[in-house]
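One structure is given below, encoded as structure tokens.
Residue numbers (the UniProt record's numbering): 1 to 73.
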């Protein structure tokens, strides 16, 4: 399971963080459909000029931050 899949419950918040960091991203760039992870990552790699690992790292960090806030940490 990728961080993308595990972060699904908080996708709106993660999407907002991605758009804040990468201002040129649009909602259509961040459209994620179950089973189409490769398409999602390919789109972002092209748009951002970064590798999948960096995208996953950002998503993981955002997801963990959201979970900590939800737990009151």
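We put the beta carbon where it would ideally sit given N, CA and C, even for glycine.
Given the structure is predicted, the values throughout are model-derived calculations rather than measurements.
**Asked** Between residue 66 and residue 10, which are expected to be in contact by the criterion C-beta below 8 Å, what is the C-beta distance as a whole number of angstroms?
**Response** Translated into the one-based positions of the chain shown, residue 66 becomes position 66. Translated into the one-based positions of the chain shown, residue 10 becomes position 10. Yes, residue 66 and residue 10 are in contact; Cβ-Cβ is about 5 Å, under 8 Å.
**Cβ neighbours of residue 52 in the same chain (closer than 7 Å, five flanking residues each side left out)** = By one-based count along the chain shown, residue 52 stands at place 52. If we look at residue 52 and ignore the five residues flanking it on each side, its Cβ neighbours are 41, 45.
**Anticipated Cβ contact below 8 Å, residue 19 with residue 25, distance rounded** = Looking up residue 19 in the chain shown gives position 19. Looking up residue 25 in the chain shown gives position 25. Their Cβ separation, rounded to whole angstroms, is 5 Å, which keeps residue 19 and residue 25 in contact under 8 Å.
**Request:** Using the Cα positions of residue 60 and residue 17, report the straight-line distance between them to the nearest angstrom.
**Result:** Here residue 60 refers to the residue found at position 60 of the chain shown. Here residue 17 refers to the residue found at position 17 of the chain shown. Rounded to whole angstroms, residue 60 to residue 17 spans 12 Å at the Cα level.
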